[in-house]
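Structure first, commentary second.
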Amino acid sequence: MNKVVLDTNVVLDLLFFDDAAARPLRLALEDGRMRCVVSGATFDEWRRVLGYPEFGLDAARQAALLARYRALSAMADDAGAATWLPPEATVHCGMAPAWNRMPRCSDPDDQKFIELAAMAGAQGLVSKDRALLRLRRRCAPHFRVMSPVEAVRWLGAMPA
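Here the sequence shown is numbered in the numbering used here, starting from -1 and rising by one per residue.
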């Protein structure tokens, strides 16, 4: 199974906008070929974004999208994971040795995705964010940084 980190905009495409280009990623999450790894910080960002007025989501719809994301994700940090994920869904990461040597993202708000991918030993970070995508080569020894389109191609090249 491929462990990936999805930035918040990609999660929006998968679960809120139902973007056709990202649909193969959602299907891979649903059928278990891919597992989305989250942290408290990335999940909290998802929760916060769902409350933005431009999305017009009432509390029930926000709760449904939060639950959907939880169902497709595994918590990377052990602390608090049991509050909403069964133990078998927790990814034990034990701080990869390279974690503290990861490149810095020009957008400090996006650094959490780089750190999560490194800590969890993810094979990929899927993003549409230019600041993250610019770090492709610098992250390459540890994990791939890919656009959703690139991630679909990468996933298609993996054995089933």
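Cβ atoms here follow ideal geometry from the backbone N, Cα and C, with glycine treated the same way. What you are looking at is a predicted structure, and each value in this text was computed from that prediction instead of being measured.
- Counting only runs of 3+ residues, the beta strand (DSSP E) found wholly inside the region 9 to 56 occupies 32 to 36, in chain order.
- DSSP lists L4 and M144 as the beta-bridge partner residues of V124.
- Looking at the backbone, the Cα of K126 and that of D16 are separated by about 15 Å.
- Excluding five sequence positions before and after T6, the CB atoms of its chain that fall closer than 8 Å to its own CB belong to T40, E43, W44 and V47, given in chain order.
- Beta-bridge pairing by DSSP links A74 to no other residue.
- The Cβ atoms of A120 and V2 lie closer than 8 Å to each other.
- M117: member of the alpha helix (DSSP H) spanning Q109 to A118, first to last residue.
- Annotation for A19: D11, P146, V147 and V150 place their beta carbon closer than 8 Å to its own, counting only its chain and skipping 5 residues before and after.
- Cβ-Cβ distances below 8 Å link P101 to I112, L133, R136 and C137 in the same chain, with the five nearest sequence neighbours on each side left out; the list follows chain order.
- L70 is a Cβ neighbour of E28, given a cutoff of 8 Å.
- In this structure, the alpha-carbon of G154 lies about 16 Å from that of V143.
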